[in-house]
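>
Residue numbers (this note's numbering), protein chains in the order written: chain W, 1 to 409; chain Y, 1001 to 1080.
(1) Which residues in chain W sit within 8 angstroms of residue 1003 of chain Y, going by Cβ to Cβ distance?
(2) Within 10 angstroms of its Cβ, does residue 119 of chain W collect 16 or more other Cβ (buried), or is it exposed?
(3) Answer with buried or exposed for residue 409 of chain W, where buried requires no fewer than 16 other C-beta atoms within 10 angstroms of its C-beta.
(4) Below 7 angstroms, is the gap between the Cβ of residue 42 of chain W and the nearest heavy atom of the ligand ATP?
(5) Can you name the residues that DSSP bridges to residue 45 of chain W?
(6) Since residue 335 of chain W is in the alpha helix (DSSP H), which residue starts that stretch and which ends it?
(7) Let me know the secondary structure DSSP gives residue 167 of chain W once reduced to three states.
(8) When burial is assigned at 16 or more other CB atoms within 10 Å of the CB, is residue 277 of chain W buried or exposed?
(9) For the beta strand (DSSP E) that contains residue 207 of chain W, what are its first and last residues?
(10) Could you tell me the boundaries of the alpha helix (DSSP H) in which residue 12 of chain W lies?
(11) Excluding the 5 residues flanking residue 402 of chain W on each side, which residues of the same chain have their C-beta closer than 8 angstroms to its C-beta?
(12) Rounded C-beta distance between residue 1013 of chain Y and residue 1075 of chain Y? I'm assuming under 8 angstroms.
(13) Starting from the N-terminal side, write out each stretch of the alpha helix (DSSP H) that is 4 residues or longer and does not extend beyond the region 215-274 of chain W.
(14) Could you tell me which of W/227, W/308 and W/271 sits nearest to residue 245 of chain W, measuring between CA atoms?
(15) Using the Cβ count rule (16 or more neighbours within 10 Å means buried), how would you classify residue 247 of chain W?
(16) Please classify residue 398 of chain W: does DSSP put it in a helix, a strand, or coil?
(17) Within the continuous beta strand (DSSP E) that includes residue 24 of chain W, where are the two ends?
(18) Do we get a CB-CB distance below 8 angstroms when we pair residue 303 of chain W with the residues of chain Y?
(19) How should residue 47 of chain W be labelled, buried or exposed, when 16 other C-beta atoms within 10 angstroms of its C-beta is the threshold for buried?
(20) Can you give me the Cβ contacts of residue 192 of chain W inside the same chain, cut-off strictly under 6 angstroms, excluding the 5 residues immediately before and after it?
(21) Does the beta-carbon distance from residue 382 of chain W to residue 362 of chain W come in below 8 angstroms?
(22) Within the same chain, show all residues whose beta-carbon is closer than 8 angstroms to that of residue 149 of chain W, passing over the 5 residues directly before and after it, in chain order.
(23) Applying a beta-carbon distance threshold of less than 9 angstroms, which residues of chain W neighbour residue 1048 of chain Y?
(24) Going along chain Y in order, which residues have a C-beta closer than 7 angstroms to the C-beta of residue 371 of chain W?
(25) Should residue 394 of chain W and residue 342 of chain W be called a contact, given that it needs their Cβ atoms to be closer than 8 angstroms?
(26) Can you name the residues that DSSP bridges to residue 1076 of chain Y?
(27) Return the Cβ separation of residue 1050 of chain Y and residue 1032 of chain Y in integer angstroms, given the expectation that the two are a contact with Cβ distance under 8 angstroms.
(28) Would residue 1064 of chain Y pass as an interface residue toward chain W - the criterion being a Cβ-Cβ separation below 8 angstroms?
(29) Can you pull the chain Y residues whose beta carbon is under 9 angstroms from the beta carbon of residue 215 of chain W, in chain order?
(30) Alpha carbon to alpha carbon, how far is residue 323 of chain W from residue 350 of chain W?
(31) Cβ closer than 7 angstroms: which chain Y residues qualify as neighbours of residue 375 of chain W?
(32) Is the region 3-15 of chain W close to the region 35-44 of chain W, with three or more CB pairs under 8 angstroms?
(33) Got a sec? Which residues, its chain only, sit under 8 angstroms from residue 159 of chain W by beta carbon, not counting five neighbours each side?
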């Protein structure tokens, strides 16, 4: 989940990193008050969870509290990329000697956080990394072993910093790394990290993203920031279909049958198991299929949950058939899922043999499952049929003709 | 209406309050409950949730509770 800039700066402050003065405002009067507190020139920034603020006019400079109030009134009424602003951040306009970048991001390939530091702050780190790779220091660190200041020192020194600058920056980057771990972040970025004329450093802008699954254990932080459970903070608001998927999953504690993402295809997917969802989704597309949805099912959901998920997918406008596919399951029962999806078809008035393009779930209780599938004349496959082959058969069935050859072997 | 599973319980068991309480306690998917008078109630809407665990069969005298697999030619679930 993403945080607004004003929240991200609050998290940075909580981590013990100095930030520029300022505060959040939801009205022009509040913005005036924040500017008066700063007692100097300010920058008024729209608080939206999207980029392109500067270009859209969502960032304005003000020399007086009155100007801050005037600018904030305009910014508060300005939607950026379809996002209405939550408010404005009225921030001290600091006299910057040099801009730096400090960030920690989760490296999904190494399965470790990676610390990044650059002496070229204020611009996208991706751009710096591409055009000036010698200006980016980086280093992975463990989520298990204690973080050492030496690790931060190495990354900062890699771009040529030494002396008092290095000494002042090490604790800041160390605190950022610790904050990343403490709050289950996937991204913790200060850009720019400004060096002032007196040599001190302050975080002028910050960007934080937290692992969504960490929300329950980060309730204290979220409450402090005033982030309600109803705020998903995802890239887009969930659709009605997706919310209905959440409701299916929430109906009882057994297993998972949800995490639905809506697409516009005609093949409904009831898929899952140990990364199987992603593999199967890609396999369907590789064979020329058009998924109507992504979802996750596993952990031995009840018949009612499997039924609810299948009903939801089958009821989606444009869905002709569903493919029920998982990798080999050990903690999910084949017969229970089979009962659920067949029940869904029957309760919606469909012939399961017609609506279920393929059922490919091998594993626990598969003999019982296969008996059920045979009883209803449903095409099924055991573990001798690969996920890709099962996806190909499903696509072939829905297209009513030979499927497009796979994009890759 | 259950599609996959049916359960039959001998009248002697169904009318025995202590056995009814035991069946309600052991079933992990709440197929059994007790009526106000203590006799056994079978929740038809829960039958398809049966996980074939046989706990009900073991909780009552042998053969007095029968779990029937409707999808398997009405086969009666037997001891593993």
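Each residue gets a CB set at the ideal place from its N, CA and C atoms; glycine is no exception.
Computed from a predicted model, the values in this text were never measured in an experiment.
With the given structure in hand:
(1) The residue you call residue 1003 of chain Y lines up with position 3 of the second chain. Within chain W, the residues near residue 1003 of chain Y are 339, 342, 343 and 346.
(2) Sequence index remark: in the first chain, residue 119 of chain W carries index 119 (1-based). Buried, by the Cβ-count rule.
(3) What you label residue 409 of chain W is simply residue 409 of the first chain in a count that begins at 1. No answer about residue 409 of chain W holds up, because its pLDDT of 40 lies below 50 and its placement is not dependable.
(4) Because no ligand of any kind appears in the structure shown, any question about the ligand ATP cannot be addressed here.
(5) Residue 45 of chain W sits at position 45 when you count from the first residue of the first chain. In DSSP, residue 45 of chain W forms a bridge with W/59 and W/89.
(6) Mapped onto the first chain, residue 335 of chain W falls at position 335. Residue 335 of chain W -> alpha helix (DSSP H) spans 334-347.
(7) The residue given as residue 167 of chain W occupies position 167 in the first chain. Correct three-state label for residue 167 of chain W: helix.
(8) As a first step, residue 277 of chain W must be located in the first chain, where it is residue number 277. By the 10 Å Cβ count, residue 277 of chain W comes out buried.
(9) Reading the first chain from its first residue, position 207 is the one you call residue 207 of chain W. 206-210 is the span of the beta strand (DSSP E), which, as asked, contains residue 207 of chain W.
(10) Translated into positions along the first chain, residue 12 of chain W becomes position 12. Note, residue 12 of chain W: alpha helix (DSSP H), 5-14.
(11) Mapped onto the first chain, residue 402 of chain W falls at position 402. Since pLDDT at residue 402 of chain W reaches only 42, below the 50 mark, its modelled position is unreliable, and the value read off the structure follows with that caveat. Contacts found: 396.
(12) In the second chain, counting from the first residue as 1, residue 1013 of chain Y sits at position 13. In the second chain, counting from the first residue as 1, residue 1075 of chain Y sits at position 75. In fact, because the Cβ distance is near 21 angstroms, the residues do not count as touching under 8 angstroms.
(13) 219-225 and 240-250
(14) Here residue 245 of chain W is taken as the residue at index 245 of the first chain, counted from 1. Taking only the C-alpha atoms, the option nearest residue 245 of chain W is W/308.
(15) Position 247 of the first chain, counted from the start, is the residue given in the question as residue 247 of chain W. It counts as exposed.
(16) Residue numbering aside, residue 398 of chain W sits at position 398 when the first chain is read from its first letter. Of the three classes helix, strand and coil, the one that applies to residue 398 of chain W here is helix, per DSSP.
(17) As a working note, residue 24 of chain W is residue 24 in the first chain. From DSSP, the beta strand (DSSP E) with residue 24 of chain W extends over 22-25.
(18) Residue 303 of chain W sits at position 303 when you count from the first residue of the first chain. Answer yes: the Cβ-Cβ gap between residue 303 of chain W and chain Y drops below 8 angstroms somewhere.
(19) Counting from 1 along the first chain, the entry for residue 47 of chain W is found at position 47. Residue 47 of chain W comes out buried.
(20) Taking the first chain and counting its residues from 1, the one referred to as residue 192 of chain W is at position 192. 99, 121, 122 and 204, listed in sequence order.
(21) In the first chain, residue 382 of chain W corresponds to position 382, counting from 1. In the first chain, residue 362 of chain W corresponds to position 362, counting from 1. In this structure, residue 362 of chain W lies closer than 8 angstroms to residue 382 of chain W by Cβ.
(22) What you label residue 149 of chain W is simply residue 149 of the first chain in a count that begins at 1. Counting only Cβ-Cβ distances below 8 angstroms, and skipping sequence neighbours, we find 170, 171 and 174.
(23) Within the second chain, numbered from 1, the residue matching residue 1048 of chain Y stands at position 48. Residues of chain W passing the Cβ test: 303, 304, 307, 339, 340 and 343.
(24) Walking along the first chain from the start, residue 371 of chain W turns up at place 371. Under the 7 angstroms cutoff, chain Y gives 1071 and 1072.
(25) The residue you call residue 394 of chain W lines up with position 394 of the first chain. The residue you call residue 342 of chain W lines up with position 342 of the first chain. Against a cut-off of 8 angstroms, the Cβ pair of residue 342 of chain W and residue 394 of chain W comes out as no contact.
(26) Stepping through the second chain from its first residue, residue 1076 of chain Y is reached at position 76. Y/1068, per the DSSP bridge assignment.
(27) Locating residue 1050 of chain Y in the second chain gives position 50, where the first residue counts as 1. Locating residue 1032 of chain Y in the second chain gives position 32, where the first residue counts as 1. Incorrect: roughly 11 angstroms between the Cβ atoms, too far for contact.
(28) Taking the second chain and counting its residues from 1, the one referred to as residue 1064 of chain Y is at position 64. No, its Cβ sits nowhere closer than 8 angstroms to a Cβ of chain W.
(29) Taking the first chain and counting its residues from 1, one reaches residue 215 of chain W at position 215. Residues of chain Y passing the Cβ test: none, with the nearest at roughly 30 angstroms.
(30) Stepping through the first chain from its first residue, residue 323 of chain W is reached at position 323. Stepping through the first chain from its first residue, residue 350 of chain W is reached at position 350. If you take the alpha carbons of residue 323 of chain W and residue 350 of chain W, they lie about 15 angstroms apart.
(31) By one-based count along the first chain, residue 375 of chain W stands at place 375. The answer, in chain order, is 1071.
(32) no
(33) For the purposes of this step, residue 159 of chain W is identified with residue 159 of the first chain, where counting begins at 1. Contacts found: 117, 118, 119, 134, 135, 136 and 137.
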